[in-house]
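Q: Take this structure first; my questions come after.
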Amino acid sequence: MKNKLRNIKLLLEYDGTAFAGWQVQPEQRTVQGVLEPALSRMTGEKVSLLGSGRTDAGVHASGQVANFRTETDIPLKAFCLGLNAIIPDDVAVLKTEEADPGFNSRFDARSRSYRYQIITRRSPLNERFAWAITYPIDQNILPGLCQIILGRHDFTSFASAQAEVNNFLVEVTMAEWTLSEGSLVFQIEANRFLHNMVRIIVGSMIDAARGHLKPEDLKKILEAKDRTLAGKTAPACGLCLVKVEY
45 MKNKLRNIKL LLEYDGTAFA GWQVQPEQRT VQGVLEPALS RMTGEKVSLL
95 GSGRTDAGVH ASGQVANFRT ETDIPLKAFC LGLNAIIPDD VAVLKTEEAD
145 PGFNSRFDAR SRSYRYQIIT RRSPLNERFA WAITYPIDQN ILPGLCQIIL
195 GRHDFTSFAS AQAEVNNFLV EVTMAEWTLS EGSLVFQIEA NRFLHNMVRI
245 IVGSMIDAAR GHLKPEDLKK ILEAKDRTLA GKTAPACGLC LVKVEY
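To convert, count from 1 in the sequence shown and add 44; that's the working numbering.
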């Protein structure tokens with residue numbers, strides 16, 4: 045007699061530096077590609093792991109959520125301990141819990157939050173997790189730029205030109221910069237995110253802070269729905285998925 049099918053929810057943390065993103069890709073090291081074989085090894089089943097978001101190559105996570113289904117009766121604590129014993133050091137399972145049978149970590153998410161870290165000097169200790177900017181910028185204009193992107197907008201201008209979606213509407217519920225000596229931190233929460241959206245927003249705001257764009261240009265760029273008008277895409281290393289709300 046088969047055991048009842050369980051739906052297990054995982055809370056994950058990873059250093060994205062050595063990963064080609066979340067999603068399995070042929071002959072590439074990915075987070076999903078590391079975790080699925082480990083789960084299959086533990087359960088003796090072919091496991092398909094679904095993540096709340098497909099982080100890109102080099103992007104980190106402190107609050108990625110994923111789920112998988114299994115017929116095993118392995119205790120939750122054993123899943124956590126067992127997985128952490130066999131997966132690489134740049135991934136960690138922080139928490140495991142039983143989810144409702146229909147729970148889907150991607151499509152049930154109500155919002156996601158990201159953090160982007162910038163340092164204003166070279167720092168070998170932080171270069172894996174922050175964008176090092178060594179040119180002068182007017183960082184004091186950054187907090188005011190957040191008002192431009194708050195609310196519901198078409199973010200075509202701040203999405204990758206290769207984004208494969210039909211709908212570019214996003215509702216941004218929180219966006220703020222925290223400024224301190226040597227460090228700039230951008231935090232953003234929205235109901236969904238487009239490909240490269242956070243990194244293009246950050247890159248565009250930094251372009252404004254260094255004088256390559258006028259602050260009022262950002263509103264015009266948003267309204268134009270044209271990626272070619274926005275700033276460069278900020279490096280992946282500074283971006284981290286910090287929270288997913290359900």
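We put the beta carbon where it would ideally sit given N, CA and C, even for glycine. These numbers were taken from a predicted model, which means no experiment stands behind them.
Going straight from the alpha carbon of T61 to that of R98, what length do you get?
A: About 15 Å.
Q: If we count the other Cβ atoms within 10 Å of its Cβ and call it buried at 16 or more, is I177 buried or exposed?
A: With 16 or more Cβ atoms within 10 Å of its Cβ, I177 is classed as buried.
Q: Within this structure, are the beta carbons of R50 and E141 separated by less than 8 Å?
A: No, these two residues do not count as a Cβ contact at 8 Å.
Q: Over the uninterrupted alpha helix (DSSP H) stretch that includes G188, give me the two end residues.
A: Counting along the chain, the alpha helix (DSSP H) containing G188 begins and ends at 186 to 193.
Q: Give, in chain order, every unbroken run of the beta strand (DSSP E) that is at least 3 residues long and sits entirely within the region 172 to 232.
A: You should have 195 to 198, 213 to 224.
Q: Looking at N240 and S339, is the spacing between their C-beta atoms short of 8 Å?
A: Residue 339 falls outside the range modelled here, since the chain spans only 45 to 290, and no answer is possible.
Q: Buried or exposed, going by whether 16 or more other CB atoms sit within 10 Å of the CB of F199?
A: It counts as buried.
Q: In or out: I130 buried (at least 16 other Cβ within 10 Å) or exposed?
A: Under this definition I130 is an exposed residue.
Q: Rank R73, L228, A105, A110 by C-alpha distance to the C-alpha of D91 and give the top, closest one.
A: Reading off the sequence, residue 91 comes out as Val, not Asp. Of R73, L228, A105, A110, the residue nearest in Cα terms is A110.
Q: Considering V91, what are the terminal residues of the beta strand (DSSP E) in which it resides?
A: Looking at the DSSP string, V91 is not in any beta strand (DSSP E), and its letter there is neither H nor E.
Q: How about L283 and Y160: do their beta carbons lie closer than 8 Å?
A: The answer is yes: Cβ separation under 8 Å.
Q: Decide if R271 is buried, meaning its Cβ has at least 16 other Cβ atoms within 10 Å, or exposed.
A: Buried, by the Cβ-count rule.
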